[in-house]
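Q:
Chains as they are written, first to last, in our numbering: chain A, 28 to 542; chain B, 887 to 1267.
1. Using a Cβ cut-off of 8 Å, which residues of the stretch 469-503 of chain A contact any Cβ in chain B, in chain order?
2. Taking a cut of 9 Å between CB atoms, which residues from the stretch 228-253 of chain A lie near chain B?
3. If you run the structure through DSSP and keep just helix, strand and coil, what is residue 1017 (chain B)?
4. When the Cβ atoms of the stretch 386-393 of chain A are set against those of the stretch 346-353 of chain A, are three or more pairs found closer than 8 Å?
5. Going by DSSP, name the residue or residues bridged to residue 543 (chain A).
6. By Cβ distance below 8 Å, which residues in the same chain neighbour residue 28 (chain A) in space, the five residues on each side in sequence not counted?
7. Using a Cβ cut-off of 8 Å (strictly closer), state whether residue 1021 (chain B) contacts chain A.
8. Closer than 6 Å by C-beta to residue 249 (chain A): which residues in its own chain qualify, once you throw out the five before and the five after it? Chain order, please.
9. Can you give me the C-alpha to C-alpha distance between residue 1116 (chain B) and residue 187 (chain A), rounded to a whole angstrom?
10. Considering only DSSP beta bridges, list what residue 1030 (chain B) is partnered with.
11. What residues of chain A sit near residue 895 (chain B), judged by a beta carbon separation below 9 Å?
12. Is the beta carbon of residue 553 (chain A) sitting closer than 8 Å to the one on residue 306 (chain A)?
13. Is it the case that the stretch 106-114 of chain A contacts the stretch 952-970 of chain B, given that we only count it when at least three CB pairs across the two stretches are under 8 Å?
14. Compare the C-beta of residue 997 (chain B) against all C-beta atoms of chain A and say whether one is closer than 8 Å.
15. By a C-beta neighbour count over all protein chains shown, 10 Å radius and 16 as the cutoff for buried, is residue 888 (chain B) buried or exposed?
16. In whole angstroms, what is the alpha-carbon distance linking residue 1144 (chain B) and residue 1028 (chain B)?
17. Out of A:155, A:301, A:203, A:407, point me to the one whose CA is closest to residue 75 (chain A)'s CA.
18. Can you tell me whether residue 316 (chain A) is helix, strand or coil according to DSSP?
19. Reducing DSSP to helix, strand and coil, say where residue 1267 (chain B) ends up.
20. On the three-state DSSP scale, how would you describe residue 1147 (chain B)?
21. What residue range is occupied by the uninterrupted alpha helix (DSSP H) comprising residue 48 (chain A)?
22. Can you name the start and end residues of the beta strand (DSSP E) that residue 489 (chain A) belongs to?
23. If contact means a Cβ-Cβ distance below 8 Å, which residues of the stretch 1216-1239 of chain B contact chain A?
24. Hey, how far is the Cα of residue 1248 (chain B) from the Cα of residue 1107 (chain B)?
25. Are residue 497 (chain A) and residue 487 (chain A) close, meaning C-beta to C-beta below 8 Å?
26. Any idea which residues DSSP pairs residue 305 (chain A) with across the strands?
27. Is the CB of residue 902 (chain B) under 8 Å away from at least one CB in chain A?
28. Give me the DSSP bridge partner(s) of residue 341 (chain A).
29. Would you say residue 950 (chain B) reaches chain A, if we count a Cβ-Cβ gap shorter than 8 Å as a contact?
30. On the DSSP letters alone, give me the boundaries of the beta strand (DSSP E) that residue 524 (chain A) sits inside.
31. Any residues in the stretch 124-148 of chain A with a beta carbon nearer than 7 Å to a beta carbon of chain B? Which ones, in chain order?
32. I'd like to check one pair, residue 197 (chain A) with residue 190 (chain A): are the Cβ atoms closer than 8 Å?
33. Does residue 1256 (chain B) come out as helix, strand or coil in the three-state DSSP assignment?
34. Just checking: is the beta-carbon of residue 1261 (chain B) within a distance shorter than 8 Å of some beta-carbon in chain A?
35. For residue 211 (chain A), which option in A:223, A:193, A:182, A:201 has the closest C-alpha, if you only look at C-alpha atoms?
36. Kindly list, in the order they appear in chain B, the residues whose Cβ is closer than 8 Å to that of residue 400 (chain A).
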């Protein structure tokens, strides 16, 4: 019998992470710049001023270069569920596949159809038709994000399903429950807003460069104003959805929250860490200090308040989740060992059920099914070996989360400052702010990447929370094959990124005057 | 027929239709495979690139939707084929990935690798994308080396449900002549469709004349390979499904399906004849410009029916040569009734999608494309 190869699972994870991270370099800019160019074209439509048309076409060119890269990386991402995660594809494909299919049928075709009008239709269709096409491209891109984020949210918080032992898979029983799950809705808005913030940063940063160079000032000042206002609105909204994300993580994925905060031992009235340096020697089962240096947010009990809407609520730490704990409402959460035993019981019951069915012993099958149903909520724990398997990379999650939040706050300050100085008509003279705006563009990319690191690394070891760990989700291909494709994709995507950046820089240097 | 069985048939029909549409839209790839041979000057290359570049996303999106719909409606195929025939699918994916940026990047300053590199990537996409997709689809008839054990999920040390029987992971399909016949038939068909598309869309005498010549050169091998595939399939044994759910080999199974499903059989023949009419009429009469619509419609119908032949009438649509009972059918590989029903509601919106594609297509294609059109377009490739 071919045994599960840990290095295969890790290379498969690495390949998926590589593709997802490259994909997410391009997608948020598509979402954000797309809105900005659509707003500008709307202004052109309403005012008839050529400067807005020029601005629209300039941002549209950059949008097009970026969009192509998102498409190239996106197709790999979709098919990797099959190529590298074949067990996953069967075990939850009944639920996960539907959003992908609907995404293709309804969202991708909207984008693909109207993007050709948007790029090639300036002289072939009416102004109104063209404007509608631009907005429909944006709608298609956002609609596409909705479906894939619904699918991702379901992996973090699996709802609307039941396990069918005859088919050995989970099956959908509530489509609307999956689509409208609070985790899905919050994730959708938070993720799309992160794209808007990046788009706003990009527009503000590029416009700042034109102002610094004293080129295309009319275009740049108009663009930077729209970018800054768009950025302020998006940043305020993302704080609200960020709060929603933290709340849902606290409720559904307490281990992820504990990693985000470097919380090993739970407490009532827990504070939020503002910044800190983790002690690399710290493990969940030793007495080392967690932090070398730490500073809390000066609002007491904030973590309990945000996570549970109760300042005195108990927030479990990593050790509590391993050893079991009792919530503030008196509910007891079992330890890892108890969940592991329950998971193994569920897996054995499934095996026994299938054997009983195969020989036609229905009454025995019913008995095993009862055991399976009672223990199914811990099914995935049966594949885990030791408590440490349950803990994600704490340092990676902790630092990613805190840097992301800090950058988000910084962006809000930058947008407000740019808007203020633009309003005061002094922006051209505040060169330090223009330089900061320009250099904030890569920080925007860093923040969006870190957001996904928190979401995905923080939920390890789960492919589907509590139901399927990654090691039970992978395909049976050789490690060497996945290593080879990993490096092939790395080379292709890196070559693509280098070309994309260089083209973008050249297009920006050409400026809108060339359009 | 139960509601569940109806939904399984409905979704196999949609998958088949998407397969037919995708095969038609591969004319983009066919055109790319002729970039360096059909054109003689840079202007001609630019014209070809731009007339194809305005449509490439339709093919790409159809491919993605084909994959997504397969995942949602027949997830066991998705997990078994993609996870098993790993290398075959990875090369196909690679071939399409390199297309996605090559149009947009090739004429942009600072594109690092130069215009020719991107055009070579388009050529590779045209060559490999069509041929390997044909090979992959041929395995629906010829079978693959895999086993499926849903009970494996309870083996904690080795829970993989679908396993491939050899280390070639799909590349072994290239050793089967019948797979190669379909791969080559799809390749040459895509080039035929491309020449017909150029004849229909371009206002360029030299390219039109050359397209007529290329049409003939590609039609001959297409007919030869298509006939070789169809005849070999209809004369061979097929993977049939017994009432008790077991799979067995039935002589002339696919030919029987053609006969036992007369509507499918008649439409299949009509589809083939329509493709041939589009080709022959275009070869014989140079003023006939509408060959693409006949050939295209015929392709959609023929491929759809071919896929219905392999999926309907108690047939395994993804047979296993390693263990017949592991073969996938529309019954054992499908999603649950609830999921198929939910997606069927979503599929009601498809006519709206088709309508806006039609409107957008017409809006851009009111007149034929020439160099003036390309030169006046600020977004030209």
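We put the CB at the ideal spot given by N, CA and C, even for glycine.
A: Concretely, from the data shown:
1. From the stretch 469-503 of chain A, only 499, 501, 502, 503 have a Cβ closer than 8 Å to chain B.
2. The residues in question: there are none.
3. In this structure, residue 1017 (chain B) counts as helix in the three-state DSSP scheme.
4. With contact defined as three or more Cβ pairs closer than 8 Å, the stretch 386-393 of chain A and the stretch 346-353 of chain A are not in contact.
5. Any answer about residue 543 (chain A) is impossible in this case: the structure gives chain A only from 28 up to 542.
6. Model confidence at residue 28 (chain A) stands at a pLDDT of 44, short of 50, so the residue's coordinates are unreliable; what they give is reported in the following sentence. Nothing listed; no residue qualifies.
7. Contacts with chain A at 8 Å (Cβ-Cβ) do not include residue 1021 (chain B).
8. Closer than 6 Å at Cβ, skipping near neighbours: no residue.
9. Their Cα atoms are separated by approximately 45 Å.
10. Looking at the DSSP assignment, residue 1030 (chain B) forms a beta bridge with B:1206.
11. Those within 9 Å of residue 895 (chain B) in chain A number zero; the least Cβ separation is about 17 Å.
12. Because chain A in this structure spans residues 28 to 542, residue 553 (chain A) falls outside the shown range and cannot be described.
13. The stretch 952-970 of chain B, when compared against the stretch 106-114 of chain A, does touch it at the 8 Å Cβ threshold.
14. Yes, its Cβ sits closer than 8 Å to a Cβ of chain A.
15. Flag for residue 888 (chain B) reads exposed.
16. Looking at the two C-alpha atoms, the distance is approximately 17 Å.
17. Across the set A:155, A:301, A:203, A:407, the C-alpha of A:155 shows the shortest separation from the C-alpha of residue 75 (chain A).
18. In the structure shown, residue 316 (chain A) sits in coil (DSSP, three-state: anything other than H, G, I, E or B).
19. The answer is coil: DSSP assigns residue 1267 (chain B) none of H, G, I, E or B.
20. In this structure, residue 1147 (chain B) counts as coil in the three-state DSSP scheme.
21. Note, residue 48 (chain A): alpha helix (DSSP H), 33-74.
22. In the DSSP assignment, residue 489 (chain A) falls within the unbroken beta strand (DSSP E) covering 489-491.
23. Of all residues in the stretch 1216-1239 of chain B, 1221, 1222, 1224, 1225, 1228, 1229, 1232, 1233, 1235, 1236, 1239 have a Cβ within less than 8 Å of some Cβ in chain A.
24. Distance from the CA of residue 1248 (chain B) to the CA of residue 1107 (chain B), rounded to the nearest whole angstrom, comes to 33 Å.
25. In terms of Cβ geometry, residue 497 (chain A) and residue 487 (chain A) form a close pair [threshold 8 Å].
26. Beta-bridge pairing links residue 305 (chain A) to A:318.
27. So, not an interface residue.
28. For residue 341 (chain A), which the question treats as bridged, DSSP gives the partners A:295.
29. For residue 950 (chain B), the answer is yes, since a Cβ of chain A falls inside 8 Å of its Cβ.
30. Going by DSSP, residue 524 (chain A) is part of no beta strand (DSSP E) but of the alpha helix (DSSP H) stretching over 506-537.
31. Result list: 124, 125, 127, 128, 129, 130, 131, 132, 133, 135, 136, 139, 140, 141, 142, 143, 144, 146, 147, 148.
32. Taking 8 Å as the Cβ cut-off, residue 190 (chain A) and residue 197 (chain A) qualify as a contacting pair.
33. Correct three-state label for residue 1256 (chain B): coil.
34. No, residue 1261 (chain B) lies away from the interface with chain A (no Cβ there is under 8 Å from its Cβ).
35. Closest in C-alpha terms to residue 211 (chain A), from the list A:223, A:193, A:182, A:201, comes A:182.
36. By Cβ distance, chain B contributes nothing, its closest Cβ being about 16 Å from residue 400 (chain A), past 8 Å.
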